[in-house]
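Residue 45 in this note's numbering sits at position 36 of the sequence shown, and the numbers go up by one each step.
Virtual Cβ for every residue (Gly too), placed ideally from N, Cα, C.
All values derive from a computational prediction rather than experimental measurement.
Note sheet for the following structure.
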Amino acid sequence: MQIAIDALALADKVDVIVILTGDSDFIPLIFALKSKGVKVEIMSFRISTGKEIISVADKYSEIT
Numbered sequence: 010m011q012i013a014i015d016a017l018a019l020a021d022k023v024d025v026i027v028i029l030t031g032d033s034d035f036i037p038l039i040f041a042l043k044s045k046g047v048k049v050e051i052m053s054f055r056i057s058t059g060k061e062i063i064s065v066a067d068k069y070s071e072i073t
């Protein structure tokens, strides 16, 4: 929850936010950030990452 609060608080001050998670529970946060004009990048281990979160992110990077 705190990561979502912090990200939304920063949305008016940044162009890009990188979230290190593969949890699809963060999809609503991604949509909220994108609605404020923020690009959202996801970094995670591919094996533990939902396909949905990859599809909604502006960029996905696999941690190896």
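| First and last residue of the alpha helix (DSSP H) that includes Ser-64? | 60-65
| message | If you reduce the DSSP assignment to three classes, tell me which class Ile-36 lands in. | response | helix
| said: To the nearest angstrom, how far is the alpha carbon of Ile-56 from that of Asp-21? | reply: 32 angstroms
| said: By the three-class DSSP mapping on this structure, what secondary structure does Lys-43 have? | reply: helix
| Which residues mark the beginning and the end of the alpha helix (DSSP H) in which Ile-12 is found? | 11-19
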